[in-house]
Structures are given as C-alpha cells and as structure tokens.
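Right, one structure below, let's go through it.
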Amino acid sequence: MPGASPRPQRPFVRRLREHPLLLVALLLQSALVLLPLIYMLSTSFKLPVEVFEVPMRWIPRELRIENYVEPLQQRPFVRWFINSTIVAVSVTFLNLVTSVLAGYSFAKFSYPGRNILFGFILATFFIPLEAFIVPLFILVRDLGWLNTYAGLIIPAGGNAFAIFFMRQNIMTLPNDLIEAARIDGASEPRIVLSVILPLMRTAISSIAIFCFMWNWNSFLYPLLVATQDAYRTLPIGLASFESAYSTNYPQLMAVSFLAMLPVLIVFFVLQRQFIEAIALQGVKG
Amino acid sequence: MRTALHLVAALTLALATTALAQTTITFWSHTHPPMVDLNEALVAEFMAANPDIRVEYQVIPNNLFFEQMIVALSTGTGPDVINMGNVQLTSDYIPRGLVVPIDLEASGYESLEQLRSEYVPAGLDGATVDGVVYGRPSEFNTDMLMIYVPDLVAAGYPEDWAPATWDELGEVAGNLSRFDEAGNQTHRGFDLVYLHAGWYANQLQVFASQTGCRFYNEEGTESIINSPECAEAIRIWADMIYEYGAADPRLTAGESTVPLQDYISGTVSMTFVQPWGMELVREGDPERWANTKLVPVPQVDPENPINRVSGYYWAVNANSNVQPEAWRFIDFLASHPGRWLIDVNFLQATADMDELAEAEDFPYADQWLTTLEAGQFTEVYPHANETNEAVRAALESIFLANADIEQTLETLKVSLDRVLQ
Amino acid sequence: MPRLRISVRARQNAWGFAFALPAVVLFGVFAVYPILRTFYLSVHRYSLVGTPEYVGAANFRFILTDPGFAQTLRNTGFYALGTYVPVLALALVMALALNTGVPFRNVFRVINFIPVVISWAIVAIVWKILFHHQGLINQALVQLGFERIPWLQSTSAAPWAVIIPSIWKELGFYTVIFLAGLQTIPRIFYEAARIDGAGTLQAFRFITLPLLRPILFFATIIAVIEGVKVFIPQFVMTGGGPSGATKVIAVSIYETAFAFGRMGRAAAMSVLLFAIVLILTLTQNLVYGRDRS
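Protein chains in written order, with this note's numbering: chain L, 401 to 685; chain G, 101 to 521; chain D, 557 to 849.
Set out below in structure tokens:
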C-alpha cells in the first residue's frame, strides 16, 4: 500500500539502528585512543607518590595546581613556546611563498631547465633529512647560524612536498585565465597576487596547516641547531626537561599537557581544514 | 620572501648587538640540583663583585651532556667555561685541542707549584696531559657502600655489619631481597645504577680497578678487555643479579638526575654512593638518610684495598675570547671549598680539606679522606663516548639477557679494537 | 613583429625562472649541496675539528663489517614493518568503518586524528610512564593474570614499546588519507554491484581495492620512507637501547656523528640510508607500474 508507509525515522536514529555493533566498536577504539591523554591529565594533578597507586585513581584526590606552576618557574617554557611559534610561523610563511612561486613557475612556464630543476627538488622529497643532517649541520655551523633564529628558519624555508602540491594544483588552472590577465596588461608579479593567490586559497591553507604541523613538531634539526636554552623550541625544551626532572611524573605530565594545549586548540578550531588538508594531500598526491 | 629575510636579518643583528655591551662568560654544566643551586648563587656573587662581567649559566640534561658538550666545543659554539669529567677531558677534549692550558696569572697564581700545593697530591692529575694542566677540580669522587640499616636488622644481621668481600656482600644482599607471590622480585638487596653509557663504564671501574682489568693496553694499540681480569670484574656485578638474586636491572627507575632514586624510594637496601650522592639522599628522604650508614666498598683482596678516583674539572674553551675572565671566574668558583663541601657534598681535593671548619659537619669525612688519599685515577682511554657506548651494550646484554661473559667480552674486544681505528 | 613576440616570451620565461629562484636557491644550498657533501664526507675521515682526510672506502668497509650496524638495519626493518603493516591495515579498516553511515563518524575521525598533531616529545613522555614497571599497562597485565613486562628494560620487549605508541600516533593520519580516497569512489558503483548480486566482500575486492590503489600506493611510499628514516621515537623513548635493541639507522647516524665525532662514518651510513630509500621507492614504483598496465 503505497500511501501507508510508516512514519519516517529521524536519520540519526535510523543510522544508529543500522550500525549498532560498529558504533560500539568505534566507541571502544576511541576510548583507547584517548586513554593516554586522559591518563596524562589525571596524573598531572597528583602527588608523585600517587602516580602508581593500585588501582589507578582516574580522578585525583585533590587537584594540585602547583604541578603546573612550578615547572614554568624552573625552566623557560614561555620562551620555548615563543621560539616554537616564531620558528613554525616563519617557516610556514617561507614555505608558502616559495611553494606558490615555484609551483606556479613549474606549472605554467616553459623555460629551459625547468623540468630538471623541478626534478631535483622533487627528488629531495625522497631523501630523508636524517641522511644529510651531518653536512647540513656543518654548513649551518660555517654560516655562523647555530643558536640563531636564522639557522632555525631559513634552511627549512623550502618544502619539496609543498612545491609539488602547489604545482599539481596550479596546473589545473586554465591557461586562459592567466593569458587574459596578461592581455589586460597585468605584470607577472601582479598575476601571482591577483589571479593565482585567490584561486589557490584552499590549496594554500592546506599547505599552511601541513607545514605548520610539521615544523611545530620538528625535532632532530632544532635539537642540533639550538643547543642554548634561549633558542630551544618547545619539543626540545620538553625533552630536556624530561631528562632533567624525570622523577616528578605529575609535573612532567602537567608541562606536557600545557605544551600540547595550543596545538590541540588550533586543531579543534580548524579540525575540518586540518583533516581536509591531509585528505587533499592523499588524493592529489 | 624578501621581507621575511630582512626581518630575520634584523632580528639576528639586534640579538647580536645586545650581547656586545659587556663581557659575557657562558658556563655550562650537567644537571645535579644541589650543584645547580650553588652554581647559581656563586654566579650571582661573582657578577655582583665584577659588574663589568656577565655570566650566563646553562644546565644540560645529563643524557645529552657528553655529546652536546663535545659537539658544541668542536664546532666553536661551546661555552667559555665547561665542567667535564676527567676521562672525557683527558681522552677527547685535551688531545683535540678543545680546551686551553690553565692561565696561572689570570687565576691568581705565580707558579704551577703554588697551585699544585693547594690540592692533594693527585688533585690536578685528572686534567693533566704530558705535564700540562688544563683544569681545576670541582669534585673529586670515590665510592663507599651505602646501607639502609633497618633492612639489615629486619633480616637478622647486626647493625654494625660491613662486608669485607664481594661474596659477603652478595650473600647478605640476596637475603635482603623480597619477592611477590608470583616469584617476581619486588625489592633488591644491592643494586647499581643503570643509566647512560658513562655510568656503566664508571661503575665497572669500581670492580675493574680491583681486579686489574684494563679496557686497552698501555700503548693504546688494542683492546685487552677480553682478559680474565675483566671477566672477573664483570662477574662480580653479574653475580649480584644471577648468583645471589640481589640485583635486577629491569626494576631500575633509570633516573638520570637523581641516580640514587631507587635507594631513596626504598626499593634497594644497599648501593654505591659517592660524596655528592649523600646530599641527594638527604634531600630526597631525610628520614631514610638518618637510618643510613656508609662503609668502605668490599674488596677482591681485603688485605690490599684498591679504590678508584674520578673527578670533574672546570676548564676553558680554546675558542673562547674571554679566557682570562673565564679563568678568573673559575678561580672564584674554586675558592669556596667549604661551601661546596656542605651545600653540595663535593670534595674539591684541596690540601687543607680536613682543616676546613665545614669538614666537621661533613658526614663520614674521615672515611672519605682515607679512601681518597689511597685512591688512584682509573685508566684514561681514547674515544671515551664511543668506548663507553660499546661497553654499555655489552654489559646490558650480560645483565639483561644473561649473555655469556667470556663470549661477550671477545665480541667487545673486537668492537673496541675497531674504536681505535 | 616576430622579434617582439620572442622577447615577450623570453621576458615571461625570465619571470617564470625568477619565481622558481627562491626555492631553487634554498634547495640548492640546504638540500642538494649537503646531499652531495654527504657523498664527499663518506670517503673521508673528519671529526668536526681540522680538515677531512681522504680514506677511500674505509668507512663503508667499516660499517658493512660491523655487527652492530647489521643489527641496526634489522631493527629498522623490524620497526618499519612492525609499525606500518598494522597501521596501514588498521587505517583501512577504520576508513571503511567511518565511510558507512555510522553515527558520530566525524567525532570519531577527529578523535583518531588527535595523536597526529601531538609532538613526539610529548607522546614519548606519556608512553614511558604508561610502560613503567608499575605503570598502567603493567597494572592491567597483572589484573588480567599475566606477568609484568619490563617494557623499556628488556631487549625483547623494547622494540614493541616503541612500535605500540607509533601505531597509536600514526593511525589517524592514514585513516584520513584512506577515507578521502574512499569518498572519491562514486556510490553508484556499489549500487550497480549490489544489483548484480555482489556481496560486501566482493564489492571490496573488485571496486574498493582497485579504485583505492593510487592512494594505497601514495600511503605505502610515505609509510616506507617514514619507517626507514625513523628517529624521534627511539631517540626519546629508549635512546636506542637496551643493548642496541632499538637502535635504528637514524639514531646510529646521530650517535656516530655527534656523540662519537665520526662524521665520515656517519656520512657513509647516510649514503646507505639514501640507497635503501631509493631502492624501496623504485621497487614500489615498479610493482605499482606493472599492476596498472
């Protein structure tokens, strides 16, 4: 009887009915993923002696805020945080500038040697930093850039993946758009600013997020280039705090949680863009 | 792009120019909380007395200490003043020309003899190569056995028990160990510290100096660590684990800032202690310290006791352009042996150590001085970091996986021969 | 007229080259030069002090006859496979699960992605405490009637103690990549298959897998490179120990260069690492290329 279909279920309830087991499995899996982070938060408010209590007490007896305050007084975490921000923002900016320009160049121009240059840059993507860190370190030393912002930022200014990614994206732009701008008398730099940039907004934000995340967490390179407290970045500072004050687990958890917070906030605010950025890399790459 | 570069250049310039305003001495040390406190206090006093000099003091985490220091000095980016162990100093830093001979004039001495007379006879030996002195001692170390007396009494031993030999120690220590229902060890009667490579080599030297084990031959042409003497030295340690069931490296806290953490938290009844360690125990748990006693380290041959000595020295970077000021600063640090003794429990090997007013309050002062005076510096070998790393890997395979000692030492000998290449 | 056109084209190309210049200079100085220099150093003896001394193939001979380095290679392979085989498999399962109409799937996707954005320095600190002798994981094992495992102190357990957090951290990244790939597959393919009477497994085998192949290829390449060059997990969790059980190539390069001052030997190891990545990438390319044709 066509007219007498049952009252339509709300889509959410219908979806729930369709996948009850999957939902339970995913809930368990998510709990497993979150467990270390909840453990971290819980431990960060405890006394050192309460850390390994059996059974584990997820809600601490009392919230010891001191665990969060004391480490900040002992070590220059604020400075490390500022350093990380300066370095990650500058490197991301440089990455964007170089990758938009080079991506455009490799996608839409045909000067001699173009493919060779692109090939060289692309090839470095497959060579891990770890394989040439020794001469890179010596070079940065010879430039007098150890323990400087220049040393932390400039050598990381080019990102092979970002260039490749921008090239792939710009290639999809119709040539007519660029030619039309040229006929209108726009200079080449003008075209970059008023044609390429606006059309590449999604790709640029995707690269920005990716580069920022990479650089914020970068470890080996800053470990070698910044040996002085004043130039350390947060991950290096944290690792040094860990090896120097490692018995006080609650304090360690507290500073780790604090260090994690800014990225986590940025992530939650921009989570859609974050995830789409990564997804786009996969599909386009 | 261009603006970014300008910005970076301007920033670098700004940071560089502020540093030129006055003489700045940079000073790095490893992380030992009581020492860090006193260093900070002395730095403040030095700056108050010398307003034209600024001292920037930085602490390096212990597990990165040896590599960060050598890389920094090798690349000309190191601090002006370093504080370094005698083995590393004499095996790597001095031969590579990374540190300079002592500047007597800037240090306020007329002659080397005058400086020497301020220390016990062997005082400067840990920083001397071919008769040239490169540093001044910040701490002189030797070992004693630290015992938590209530554990001893609870197991039915007299309070004044002290082992003469390693076997005596092992047997009692085995009886102090405790296990849970499943047979897992929960408490260790005697154990050592299992940390970075420097620690493994350092502790092995306690046994090695007694059995006559050397890592390399006198000429430094090949390793002789496959000798029966070295096997014996390692067996003393391994027996604590496998023979007596006293030790278990898998249970260690692996704490590099407070190496005596296991003793402080009560999971170990006996362990080695050096002078600086007493302050750590007292800070960590005053009550445990009150029930602790120190006795001489057991001996292979109790008739002819042998104690090894090691030390840390202040030295000046060869790339420093404030060397006279650096030596003046070191002299200031070195001119407070009483405070080092009381605040940090560092023995600075000064000749008048026993006459210092503070020595009266220094725990076990007599015993420390007796062991120290009879002590000798252990073998100095090349490529200390590399050697120690190879030794650690070998010791770990013996202590964690019960590898055969003689066989492991044969492999280790090959590795150490390769270190010399 | 033709002359003018040539000059316009030339001028455009000059701009095009100028646009590439910042990247070319940065890559030339900070990547290509150090890479070439690695090859140069690999046949020299150099300790950061003084000048490099030519030693021929001595560094390579040393490394290739070093039992420690052989173990390092095995450790690296073990880590790469132990981490990324489960990661890729689980990520595919997760992506399939999230590609259904299951409620809260966006929440699950976000939760799974959280570990990706946390820096390894923090991940290592948390997991070291979780793996502590009296830590949460051992407490759980005891509850379940097992013995405690000395995770970070035993040569057999330590490799797993590094792999487990790695899986935890990497899973979300690959899930998102696979999910994006799945979402590019038109629903109509599945509907057509259902009408033809194909089951879920058959649809997976004949629609999902073939269409996902480019993404799988991309993900495997990234995973292989990440696995072979791994450094931070071992460096911050175990320092390569105990007894070298978790010493991977990059940790060995770092240690040889910076703790031992053997720049030449470290450069030779780097050349080998470079060769390994090259061979693996080419092999994958070959396999993928053949499959596609």
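C-beta atoms are modelled at their ideal positions from N, C-alpha and C, and glycine is treated no differently.
None of the values given here were measured: they were computed from a predicted structure.
| message | Would you say THR764/D lies against chain L (beta-carbon separation less than 7 Å)? | response | No, THR764/D lies away from the interface with chain L (no Cβ there is under 7 Å from its Cβ).
| Nearest to GLN739/D by CA position, among PHE618/D, TRP716/D, ILE723/D and LEU767/D, is which residue? | It is LEU767/D.
| Near MET101/G, what residues of its chain come up, given a Cβ to Cβ distance below 7 Å and the 5 sequence neighbours on each side ignored? | Note that MET101/G scores 43 on pLDDT, short of 50, meaning its location in the model is unreliable; the coordinates nonetheless yield the value given after this. Leaving aside the five residues that flank MET101/G on each side, none in its chain has a CB nearer than 7 Å to its CB.
| task | Using only alpha-carbon positions, find the residue among VAL595/L, ALA523/L, GLU453/L and ILE465/L that is nearest to ALA580/L. | result | Of the candidates VAL595/L, ALA523/L, GLU453/L and ILE465/L, VAL595/L places its Cα closest to the Cα of ALA580/L.
| message | Using 8 Å for Cβ pairs, my map puts PHE729/D next to VAL672/D. What's the rounded Cβ distance? | response | At roughly 5 Å, the Cβ-Cβ gap stays under 8 Å, so PHE729/D and VAL672/D are in contact.
| said: Measuring alpha carbon to alpha carbon, tell me which residue in ARG408/G, PRO405/G and GLY366/G is nearest ARG388/G. | reply: For the residues ARG408/G, PRO405/G and GLY366/G, the minimum Cα distance to ARG388/G belongs to GLY366/G.
| task | Name, please, each residue of chain D whose Cβ falls closer than 7 Å to the Cβ of TYR504/L. | result | The answer, in chain order, is PHE575.
| query | Taking Cβ positions, are GLY289/G and ALA273/G nearer each other than 7 Å? | reply | Contact check for GLY289/G against ALA273/G passes: the beta carbons are separated by less than 7 Å.
| Coarse secondary structure for LYS393/G, derived from DSSP in three states | Reduced to three states, the DSSP call for LYS393/G is strand.
| request: Select from PHE532/L, PHE610/L, LEU423/L and ARG632/L the residue whose C-alpha is nearest the C-alpha of SER499/L. | output: Of the listed residues, the one whose Cα sits closest to SER499/L is PHE610/L.
| Where PRO237/G sits in the DSSP three-state scheme | PRO237/G falls in the strand class under three-state DSSP.
| field | Residues within the region 799–817 of chain D neighbouring chain L, beta-carbon criterion of under 8 Å | value | For the region 799–817 of chain D, which is checked against every Cβ of chain L, the residues closer than 8 Å are ILE805, ALA806, ILE809, TYR810, ALA813 and PHE814.
| request: Kindly indicate which three-state DSSP category VAL804/D falls into: helix, strand or coil? | output: Shown here, VAL804/D sits in coil according to DSSP, grouped into three states, outside any helix or strand.
| task | Over the uninterrupted beta strand (DSSP E) stretch that includes GLY289/G, give me the two end residues. | result | According to the DSSP assignment, GLY289/G belongs to the beta strand (DSSP E) that extends over 285–290.
| request: Say whether chain L places a C-beta atom closer than 7 Å to the C-beta of TRP716/D. | output: No - not a single Cβ of chain L is within 7 Å of the one on TRP716/D.
| Touch test, the region 451–464 of chain G against the region 424–443 of chain G, Cβ-Cβ under 8 Å, three pairs minimum | Output reads yes: the region 424–443 of chain G touches the region 451–464 of chain G.
| Alpha-carbon to alpha-carbon, GLY817/D and VAL605/D | Taking C-alpha positions only, VAL605/D is separated from GLY817/D by approximately 9 Å.
| query | Under 9 Å Cβ-Cβ, which residues of chain D neighbour MET613/L? | reply | What MET613/L touches in chain D: VAL672 and VAL673.
| field | Reduced DSSP category for ARG769/D - H, G, I as helix; E, B as strand; rest coil | value | Three-state result, ARG769/D: helix.
| request: Kindly indicate if chain D contains any beta-carbon less than 7 Å away from that of VAL171/G. | output: Under the 7 Å criterion on CB atoms, VAL171/G is classed as interfacial with respect to chain D.
| field | Alpha-carbon to alpha-carbon, ALA503/G and GLY701/D | value | GLY701/D and ALA503/G: Cα-Cα distance of roughly 29 Å.
| said: Helix, strand or coil, according to DSSP, for VAL293/G in the structure here? | reply: In the structure shown, VAL293/G adopts coil according to DSSP, grouped into three states.
| field | chain G contact for ARG457/L (CB, 7 Å cutoff) | value | No, its Cβ sits nowhere closer than 7 Å to a Cβ of chain G.
| task | From the DSSP output, in three-state form, read off LEU834/D for me. | result | In the structure shown, the three-state DSSP call for LEU834/D is helix.
| task | Note down, in chain order, every chain G residue with its Cβ under 7 Å from the Cβ of GLN473/L. | result | Residues of chain G passing the Cβ test: none, with the nearest at roughly 13 Å.
| task | Would you mind sorting SER217/G into buried or exposed? The rule is 16 or more other CB atoms within 10 Å of its CB. | result | Answer is exposed; the Cβ neighbour count stays below 16.
| query | So with Cβ pairs under 7 Å, would you call MET101/G a contact of chain D? | reply | For MET101/G, the predicted model reports a pLDDT of 43, less than 50, meaning its position is unreliable; a value from the coordinates is still stated below. At least one CB atom of chain D sits nearer than 7 Å to the CB of MET101/G.
| query | Which same chain residues, not among the five before or five after ILE442/G, have their C-beta less than 8 Å away from its C-beta? | reply | For ILE442/G, where only same-chain residues beyond five positions count, the Cβ hits under 8 Å are GLU458, ASP461 and PHE462.
| message | I want to verify the contact list: residues of chain D whose CB lies under 8 Å from the CB of ASN302/G, in sequence order. | response | Listed along chain D, no residue sits closer than 8 Å to ASN302/G by beta-carbon distance, the nearest being about 16 Å off.
| query | What's the gap between the Cα of LEU360/G and the Cα of SER369/G? | reply | Each residue's alpha carbon lies about 11 Å from the other.
| said: Less than 7 Å between the beta carbons of GLY558/L and LEU582/D, yes or no? | reply: The answer is yes: Cβ separation under 7 Å.
| field | Proximity winner among THR450/G, TYR234/G and TRP427/G, relative to ALA206/G (alpha-carbon distances) | value | The shortest C-alpha separation from ALA206/G is found at TRP427/G.
| Segment limits, beta strand (DSSP E) that includes GLU156/G | Run containing GLU156/G: 153–159, per the beta strand (DSSP E) assignment.
| request: Starting from GLN158/G, find everything on chain L with Cβ-Cβ shorter than 7 Å and list it in chain order. | output: GLN628 and ASP629, listed in chain order.
| task | Kindly provide the ranges of any beta strand (DSSP E) runs that are 3 or more residues long and lie completely inside the region 169–237 of chain G, ordered along the chain. | result | Whole beta strand (DSSP E) segments, 3+ residues: 181–185.
| request: Could you round the C-beta distance between TYR219/G and ALA449/G to whole angstroms and report it? I think they count as a contact, below 8 Å. | output: So it is a contact: roughly 5 Å between Cβ atoms.
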